[in-house]
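**Q** Following this message is one structure expressed as structure tokens.
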Amino acid sequence: MGNAARLLAVDAVAAARGLAPGLALADAGAMFPGLDVVEADPAADLALLEALADGMEVWTPLVALDPPDGLLLDITGCAHLFEGEAAMAGAVRRRLAGWGIAARVAVAATPGCAVALARHGAEIVAAPGREAALLTPLPLAALRPGPEVVEGLRDAGLETIGDIMLRPRAPLAARYGAGLLRRLDQALGLVDAPISPRRPVADHMVERRLVEPIVSEPHVLHALTALGDSLGAALETEGLGATRLEAVLFRVDGAVRRLAIGAGRPLRRGAEMRRLFTDRLAALADPLEAGFGFEAIRLSAPEVRTVVPVQPGFDGGAAIEAAAAFSGLVDHLATRLGPGRLRRLAPRDSHVPERAMQLAPIAATPDAFIAPDQDSRLPARPCRLLEKPEALEALAEVPDGPPRRIRWRGLWHEVARAEGPERIAPEWWRAGQADMPTRDYFRVETAAGLRLWLYREGLYGRETDHPRWCLHGFFL
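Heads up: take any position in the sequence shown, counting from 1, add 207, and you land on the numbering used here.
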């Protein structure tokens, strides 16, 4: 009995002939030989429900799934954009019918009441305060307390929601659980029950509903530019700028396209946003398919950052413009290639030269690099290091003194000047570094003008009797 195949859903024709969900498939086949049956596919049903939810966002961004076949729309503050709640409900119903979806639509002040009316009552727009009157004649299943609870209440002679409204609450809660009364209170509006939208809603958002659908990318970019100026103006009043933007394009046929861009610096101008959206469209694997056109566009800023005003210097703001141009270049490349493909050098907490820098994501802001103390006007460390230090020969007047002659790549060089040493001890607290010999670095300049950064590895007489010399970098 428990393993028997059963009907999960029926269409209007089957329902009119007495078939209903839960009926055994064998019984249904006996009643109507040749019954057209399709195996259930919960994954496909969920995918369809999510696609319908995307289409519903043209009315409100607050859309939640109510599986297996329901959607919840929070239309607070949205209905006036569609000539009222009744007109909006009719538009939703017609849109779903156009997609081949038979739907029941109800509007109420609470999600629980709206769901109960849509599934078990009438398709109406309920005025606030009428929840109790509308729920009273509905079956207890409308509260969805669970089949066991419904069966137990039915055995006790309680059939409708109105029946439990008249009963003392304490015995009901003790026998059937507090969940039953909590669902009733939520449907009546006595307990808050906000819906959980399937997508987070940004605090900063603007949208435009178009009189005529648009189909070309230039028109889409023009609309995004205007929306960007509106969004930027709102952000500017709060001292903010957008570092991530999402554009949602709603097609007439219900399909939805989403475009997201990121920026390294806060954006407030539509023209700046347009450039990045242009790059995003160019980077799409498939071109933006408009179908019969886009009827609405929404632009939101999921991530914002405080904008600190900067006073231009005596250069007339050239440094600020240069920084903005560099940030614009980074944003352009990140949008075209993907942010994960860009890296920048950032300092790392290590005094060993080959470990002092690391590659970090381009969007990250590295800590400021503080150069070590130095006793000359030359940089303490060169900008260019060899990938691997190269061994060389060196002659020094004393074993622990600076070199006087060096032999590198087969050629001898006379040392004209030398500074140092800068001693770097092993980082004993790091795994595998405790046995690294001590290094004494020297900055040298040869008679031919070469400026080199080399080191002697191993303390003479303490770590080794034969220190090794290596060239590590060049001063430009």
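Beta carbons are placed, not taken as given, at the ideal position from N, Cα and C, and that holds for glycine. Owing to the predicted nature of the structure, the values given are computational and were not obtained by experimental measurement.
With a CB to CB cut of under 6 Å and the five nearest residues on each side skipped, what residues in its chain are close to L279?
**A** Position 72 of the sequence shown, counting from 1, holds the residue named residue 279. Excluding positions up to five away in sequence, the list reads A271, D273, P318, I402.
**Q** Exposed or buried, what is H679 when buried is set at 16 or more other beta-carbons lying within 10 Å of its beta-carbon?
**A** Looking up residue 679 in the sequence shown gives position 472. Looking at its Cβ environment, which holds 16 or more other Cβ atoms inside 10 Å, H679 is buried.
**Q** Taking the alpha carbon of E629 as the point to measure from, which residue in A223, R663, R675 has its own alpha carbon closest?
**A** If you number the sequence shown from 1, residue 629 lands on position 422. With distances taken between Cα atoms, E629 lies closest to R663.
**Q** Bridge partners for S507 per DSSP, in chain order?
**A** Within the sequence shown, the letter at position 300 stands for residue 507. Its beta-bridge partners are M412, E453.
**Q** Where does the unbroken alpha helix (DSSP H) through C677 begin, and where does it stop?
**A** For the purposes of this step, residue 677 is taken as the residue at position 470 of the sequence shown. Where C677 is concerned, there is no enclosing alpha helix (DSSP H), although the beta strand (DSSP E) it sits in stretches over 675 to 681.
**Q** How far does the alpha helix (DSSP H) with I436 in it reach, from first residue to last?
**A** The residue given as residue 436 occupies position 229 in the sequence shown. Sequence inspection shows Asp at residue 436; the Ile mentioned does not correspond to that position. Taken as a continuous stretch (DSSP letters only), the alpha helix (DSSP H) holding D436 covers 424 to 444.
**Q** Leaving out five residues before and five after M412 in sequence, what residues of the same chain have Cβ atoms less than 8 Å from its Cβ?
**A** Taking the first residue of the sequence shown as 1, we reach residue 412 at position 205. Same-chain partners within the cutoff: P268, L438, R505, L506, S507, A508.
**Q** Do R611 and A603 have their CB atoms nearer than 8 Å?
**A** Along the sequence shown, one-based indexing puts residue 611 at 404. Along the sequence shown, one-based indexing puts residue 603 at 396. Yes.
**Q** Rounded to the nearest angstrom, what separates F501 and G305 at their Cα positions?
**A** Position 294 of the sequence shown holds residue 501. Position 98 of the sequence shown holds residue 305. Straight-line Cα distance between these residues: approximately 17 Å.
**Q** From E479 to A567, what distance separates their C-alpha atoms?
**A** Sequence index remark: in the sequence shown, residue 479 carries index 272 (1-based). Sequence index remark: in the sequence shown, residue 567 carries index 360 (1-based). Cα-Cα distance, rounded: 25 Å.
**Q** Less than 8 Å between the C-beta atoms of L388 and R374, yes or no?
**A** On the sequence shown, position 181 is the one that residue 388 refers to. On the sequence shown, position 167 is the one that residue 374 refers to. Their beta carbons are not under 8 Å apart, which means L388 does not touch R374 by this criterion.
**Q** Going by alpha carbons, who is nearest to G627 out of V463, F649, I613, M263?
**A** As a first step, residue 627 must be located in the sequence shown, where it is residue number 420. The shortest C-alpha separation from G627 is found at F649.
**Q** In whole angstroms, what separates the C-alpha of E561 from that of D248?
**A** To locate residue 561, count along the sequence shown from 1; it is residue 354. To locate residue 248, count along the sequence shown from 1; it is residue 41. Roughly 57 Å between the two C-alpha positions.
**Q** Taking C-beta to C-beta, are W676 and L661 nearer than 8 Å?
**A** The residue given as residue 676 occupies position 469 in the sequence shown. The residue given as residue 661 occupies position 454 in the sequence shown. Yes; because the gap between Cβ atoms is below 8 Å, this pair is in contact.
**Q** Quick check on DSSP: helix, strand or coil for A467?
**A** Along the sequence shown, read from residue 1 onward, the residue named residue 467 stands at position 260. Strand.
**Q** Measuring alpha carbon to alpha carbon, tell me which residue in F681, P606, V651, L659 is nearest R591.
**A** For the purposes of this step, residue 591 is taken as residue 384 along the sequence shown, with counting starting at 1. That would be F681, whose Cα lies nearest to the Cα of R591.
**Q** Taking the CB atoms as reference points, tell me whether T645 and V622 lie closer together than 8 Å.
**A** Along the sequence shown, read from residue 1 onward, the residue named residue 645 stands at position 438. Along the sequence shown, read from residue 1 onward, the residue named residue 622 stands at position 415. Not closer than 8 Å, so no.
**Q** Exposed or buried, R301, counting other C-beta atoms within 10 Å across all chains shown (16 or more means buried)?
**A** Here residue 301 refers to the residue found at position 94 when the sequence shown is read from its first residue. Its Cβ having fewer than 16 others within 10 Å, R301 is exposed.
**Q** Taking only runs of the beta strand (DSSP E) that begin and end inside the segment 269 to 304, which ones reach a length of at least 3 residues, in chain order?
**A** For the segment 269 to 304, whole beta strand (DSSP E) runs of length 3 or above, ordered along the chain, are 270 to 273, 277 to 280.
**Q** Please report how far the alpha carbon of M643 lies from the alpha carbon of E634, in whole angstroms.
**A** Locating residue 643 in the sequence shown gives position 436, counting from the first residue. Locating residue 634 in the sequence shown gives position 427, counting from the first residue. Cα to Cα, M643 sits roughly 8 Å from E634.
**Q** Extract the residue ranges of the beta strand (DSSP E) inside the segment 376 to 414, only unbroken runs of 3 or more that lie entirely within it.
**A** Complete beta strand (DSSP E) runs here, min 3: none at all.
**Q** Mapping DSSP to helix, strand and coil, what is L585?
**A** By 1-based counting over the sequence shown, the position of residue 585 is 378. At L585 the pLDDT is 49, less than 50, meaning the model places this residue with poor confidence and gives no usable figure here.
**Q** Between which two residues does the beta strand (DSSP E) harbouring P596 extend?
**A** Taking the sequence shown and counting its residues from 1, the one referred to as residue 596 is at position 389. Unbroken beta strand (DSSP E) run through P596: 591 to 603.
**Q** Beta-carbon separation of R475 and L431 under 8 Å?
**A** Looking up residue 475 in the sequence shown gives position 268. Looking up residue 431 in the sequence shown gives position 224. For R475 and L431, no; Cβs fall outside 8 Å.
**Q** Output yes or no for whether 8 Å exceeds the beta carbon distance between G369 and P344.
**A** Residue mapping note: residue 369 aligns to position 162 of the sequence shown, counting from 1. Residue mapping note: residue 344 aligns to position 137 of the sequence shown, counting from 1. Yes; because the gap between Cβ atoms is below 8 Å, this pair is in contact.
**Q** Please confirm whether F457 and A526 have their CB atoms less than 8 Å apart.
**A** Working through the sequence shown from its first residue, we reach residue 457 at position 250. Working through the sequence shown from its first residue, we reach residue 526 at position 319. Cβ atoms of F457 and A526: not closer than 8 Å.
**Q** Our contact map puts A298 next to E292 with C-beta atoms below 8 Å; I'd like the distance itself, whole angstroms only.
**A** Here residue 298 refers to the residue found at position 91 when the sequence shown is read from its first residue. Here residue 292 refers to the residue found at position 85 when the sequence shown is read from its first residue. No, A298 and E292 are not in contact; Cβ-Cβ is about 11 Å, not under 8 Å.
**Q** DSSP state of H620, grouped into three classes?
**A** Position 413 of the sequence shown, counted from the start, is the residue given in the question as residue 620. Note: H620 maps to strand in three-state DSSP.
**Q** Run through DSSP, which three-state label would M564 get?
**A** Counted from its first residue, the sequence shown places residue 564 at position 357. Correct three-state label for M564: strand.
**Q** Identify, in the order they occur along the chain, each residue of the same chain with its Cβ nearer than 6 Å to the Cβ of V455, setting aside the five sequence neighbours on each side.
**A** Position 248 of the sequence shown holds residue 455. Excluding sequence neighbours, V455 sits near R465, R505.
**Q** In terms of alpha-carbon separation, which member of P335, V605, L324 lies closest to H673?
**A** By 1-based counting over the sequence shown, the position of residue 673 is 466. Checked all of P335, V605, L324; the closest Cα to H673 is V605.
**Q** Starting from L324, trace the alpha helix (DSSP H) both ways and give me its first and last residue.
**A** Mapped onto the sequence shown, residue 324 falls at position 117. 318 to 327 is the span of the alpha helix (DSSP H), which, as asked, contains L324.
**Q** Could you check the C-alpha separation between P354 and V511 for me, to the nearest Å?
**A** The residue you call residue 354 lines up with position 147 of the sequence shown. The residue you call residue 511 lines up with position 304 of the sequence shown. One C-alpha to the other measures close to 47 Å.
**Q** Please classify T542 as buried or exposed, where buried requires at least 16 neighbouring CB atoms within 10 angstroms.
**A** Within the sequence shown, the letter at position 335 stands for residue 542. Flag for T542 reads buried.
**Q** How would you call V245, buried or exposed, if buried means at least 16 neighbouring beta carbons within 10 angstroms?
**A** Counted from its first residue, the sequence shown places residue 245 at position 38. V245 should be labelled exposed.
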